[in-house]
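Colleague: Here you go, one structure.
Number of protein chains: 2
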Amino acid sequence: MNLNVENILVVGLGMIGSSIAFAAKSKGINVNGFDLNDDVLKKAIDENIIDATIGSIEEINTNQIDLIILAVPPKQTLELFNKLDYLWNTKITITDTSSVKNHIKLKGVDNIVLSHPIAGSDKSGINSLDKNLFTEKKNILCNPFDANEDHQKRVENFWVNALNMRVEMMTVAEHDLIFAMTSHLPHLVSYALIDSIRTSNLGVKDNSGGGLKEFLRLSGSNAEMWRDIFMLNRVDLIKALAGMQVSLNNLLELMTETKQIPDIFSHDEMLKNELKEIKSFKEDKF
Amino acid sequence: MNLNVENILVVGLGMIGSSIAFAAKSKGINVNGFDLNDDVLKKAIDENIIDATIGSIEEINTNQIDLIILAVPPKQTLELFNKLDYLWNTKITITDTSSVKNHIKLKGVDNIVLSHPIAGSDKSGINSLDKNLFTEKKNILCNPFDANEDHQKRVENFWVNALNMRVEMMTVAEHDLIFAMTSHLPHLVSYALIDSIRTSNLGVKDNSGGGLKEFLRLSGSNAEMWRDIFMLNRVDLIKALAGMQVSLNNLLELMTETKQIPDIFSHDEMLKNELKEIKSFKEDKF
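In order, the protein sequences belong to chains A and B.
First residue of the first sequence? That's 927 in this note's numbering, and the numbers climb one at a time after it.
First residue of the second sequence? That's 927 in this note's numbering, and the numbers climb one at a time after it.
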């Protein structure tokens, strides 16, 4: 099996899919694209984002494609993996781009390797195509179905060579918990915070300086994709939230001077030290 | 009384104070500066950030200064207003830069007007001086002590003409609640979220893409200032937090399908619609 990737099919030409397609095409790879929306597909061809399209997702020729990349929301990713079962255990390699993985449960397949190319943006759709969206970013690979080593190698090669990404292996459990904490929880909290401003009917107008900016950006993310992520990763997300609530409670108990502390300390001093420690942790680790 | 400002005294030459001093100096205003830290004061003079210093905060000559600007953390702001009581009801105008106002309770003074120049940064100290930090930003003025109109006009003139800021009047109650929601709560949540990652001992390493960035920035803010803000604005902050928890709970109930909803709807669909509505609110209002 040739581990190089010469012909790919990108399914779903939103921001993620079209950015991958266009970056791969600029590296000389032959890029087929597919999208259920005909206008999107037409645009992708007209603007040379892809080389060609395929007739139907149900009749993919294993001699014409090396690698299929699914770039659709998390729930559809599972549906598509199942729809493509006629390609399981063939020489085609199949991967995805879903930000959550634990729901992808498949049995008896040796050519599916999971990918999560990490790049943050609140934008979506083919009009947000960015050729360099993933350049020098990280891509987490998971191999929960024990795919054949060649397929894994091929997925790695593609991300590293065609997209200039770094690749790291993780288990699905590690992946979903880490991203619950570092990405899904910040999004959930941002949606909740902006919603609380909405329901308060307080005239915040342009008084949003000093901290709200990123919360606003995150709460403007694609609703369908984030609904899927919140639903599908809810167990880890609630675990992450519980951890945040413990930390929040600690700060609240210091703020309200209700925490039991030794007499020789003051709540005021302890709160300052706590904030300083968080700051140092942040500076050391990130 | 001449409503123009020709001679100012900036007390506290951290990022805020030194940025105000330097911007005012570039507009031709004579700038006196004071800081308890001698190294900071020396640097301010050596690098021409201020024109001169004063001998002592207890012997300010009312003929040499038009306007005093306190640029110290919120708690010290109140202490300094009280320390300067020998200047109350004189022709000098006094203002501040504190992000929280409700603790500033004074009686029988007609020349103190409160200011809150809005500019977000996690930096601090004179080395973070930025001449344009406040340019074209907004400054909230509060007049809780019914200051003489001339003093209010003078403070307004200074921010508008010397710093190129927009000015808006608010009551202290409005100010503290709005900024609890749009600034203090985002900071508190960011500290809590980063703390929960710290205490989890999870190796998040460089897996911080997709949403954590601003939370990291906010949790690196000046610990003393934010301790003061959290402590002094805790009532409004807890009010804002309660609102966020209600919104969070609504999302959680949809995510976990525990919310009571009519049979004709699905939790899945309702969660997506909820996220869409938050997104539209954000796009309309901000």
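Where a beta carbon is used, it is the ideal one built from N, C-alpha and C, also for glycine.
#1: My guess is that ALA883 of chain A and ILE934 of chain A are in contact by the Cβ rule of under 8 Å, so how many angstroms apart are they, rounded?
#2: Using a Cβ-Cβ distance under 8 Å, would PRO1000 of chain B count as near chain A?
#3: With 9 Å as the limit, tell me which residues of the region 1132-1147 of chain A have their beta carbon closer than that to any beta carbon of chain B; keep them in chain order.
#4: Compute the Euclidean distance between the alpha carbons of LYS1031 of chain B and LEU1004 of chain B, then round it to the nearest angstrom.
#5: Looking only at its own chain, which residues have a Cβ that is under 7 Å from the Cβ of LEU1055 of chain A, when we skip the five neighbours before and after it?
#6: Looking only at its chain, what residues have a beta carbon closer than 7 Å to the beta carbon of GLU1179 of chain A, apart from the 5 residues adjacent to it on each side?
#7: Roughly how many angstroms lie between the CA atoms of LEU1040 of chain B and LEU1163 of chain B, to the nearest whole one?
#8: When you compare each of A:VAL1035, A:LEU1006, A:PRO1070 and A:LYS1079 to MET1096 of chain A by their alpha carbons, which one comes out closest?
#9: With distances taken Cα to Cα, identify the nearest neighbour of ALA1226 of chain A among A:LYS1033, A:ALA1088 and A:HIS1110.
#10: Taking 8 Å as the threshold (beta carbon to beta carbon), is HIS1113 of chain B in contact with chain A?
#11: Let me see if you follow: with CB-CB separation under 8 Å, is VAL1086 of chain A close to chain B or not?
#12: Report yes or no: is there a C-beta of chain A within less than 8 Å of the C-beta of MET1170 of chain B?
#13: Let's see if you can read the secondary structure: which residues bound the beta strand (DSSP E) around PRO1043 of chain B?
#14: Any beta carbon of chain B sitting closer than 8 Å to that of THR1182 of chain A?
#15: What residues of chain B sit near LEU1197 of chain A, judged by a beta carbon separation below 8 Å?
#16: So, is PHE1007 of chain A buried or exposed, given that buried needs 16 or more other C-beta atoms within 10 angstroms?
#17: Give every residue of the same chain whose Cβ lies closer than 6 Å to the Cβ of ARG1124 of chain B, excluding the five residues on either side of it in the sequence, and list them in chain order.
#18: Please list, in chain order, all residues of the same chain as GLN1078 of chain B whose beta carbon is under 8 Å from its beta carbon, the five residues on each side excluded.
#19: Would you call the region 1075-1093 of chain B and the region 1105-1114 of chain B in contact, with 3 or more CB pairs under 8 Å?
#20: Is the beta carbon of ASN1058 of chain B less than 8 Å from the beta carbon of ARG1092 of chain B?
#21: Taking DSSP as the reference, what is the three-state secondary structure of THR1019 of chain B?
#22: Here's the rule: buried if 16 or more other CB atoms are within 10 angstroms of the residue's CB, otherwise exposed. What is VAL1086 of chain A?
#23: Taking Cβ positions, are GLY938 of chain B and ALA997 of chain B nearer each other than 8 Å?
#24: Just reading off the beta strand (DSSP E) that LEU935 of chain A is part of, what are its end residues?
#25: With DSSP run on the structure shown, which of helix, strand or coil describes LEU1055 of chain B?
#26: Could you check the C-alpha separation between LEU1103 of chain A and ALA1166 of chain A for me, to the nearest Å?
#27: Could you check whether ASP977 of chain A and ILE958 of chain A sit closer than 8 Å to each other, using their CB atoms as the reference points?
#28: Closest by CA to GLU1209 of chain B, which one among A:LEU1197, A:GLY1169 and A:SER1147?
#29: Use the C-beta contact count for VAL1115 of chain A: other C-beta atoms within 10 angstroms, 16 or more gives buried, fewer gives exposed.
#30: Closest to THR1023 of chain B by CA distance: which of B:LEU1174, B:LYS1198 and B:ILE1155 is it?
#31: Starting from ASN1008 of chain B, follow its DSSP beta bridges and name the residues at the other end.
#32: Which residues in chain B sit within 9 Å of PHE1060 of chain A, going by Cβ to Cβ distance?
#33: List, from N- to C-terminal side, the alpha helix (DSSP H) runs of 4 residues or more that fit wholly inside the region 928-1009 of chain A.
#34: Sort A:SER1126, A:ASN956 and A:PRO999 by Cα distance to LYS879 of chain B and report the nearest one.
#35: Any residues in the region 990-1019 of chain A with a beta carbon nearer than 8 Å to a beta carbon of chain B? Which ones, in chain order?
Modeller: The relevant details are as follows:
#1: Residue 883 of chain A lies beyond the stretch modelled for chain A, which goes from 927 to 1212, so this question has no answer here.
#2: no
#3: ASP1132, ASN1133, SER1134, GLY1135, GLY1136, GLY1137, LEU1138, LYS1139, GLU1140, PHE1141, LEU1142, ARG1143, LEU1144, SER1145, GLY1146 and SER1147
#4: 8 Å
#5: MET941, SER944, SER945, PHE948 and ILE975
#6: LYS1185
#7: 20 Å
#8: A:PRO1070
#9: Because chain A in this structure spans residues 927 to 1212, residue 1226 of chain A falls outside the shown range and cannot be described.
#10: yes
#11: no
#12: yes
#13: 1040-1043
#14: yes
#15: ARG1153, PHE1156 and MET1157
#16: buried
#17: none
#18: VAL1039, LEU1067 and ASN1069
#19: no
#20: no
#21: strand
#22: exposed
#23: yes
#24: 933-937
#25: coil
#26: 8 Å
#27: Sequence check: residue 958 of chain A is Asn here, not Ile. Contact: yes.
#28: A:SER1147
#29: buried
#30: B:ILE1155
#31: Partner(s): none; ASN1008 of chain B has no beta bridge.
#32: Under the 9 Å cutoff, chain B gives no residues; its nearest Cβ is about 11 Å from PHE1060 of chain A.
#33: 941-952, 964-972 and 1000-1009
#34: Chain B is shown only over 927 to 1212; residue 879 of chain B falls outside these bounds and no answer can be derived.
#35: none
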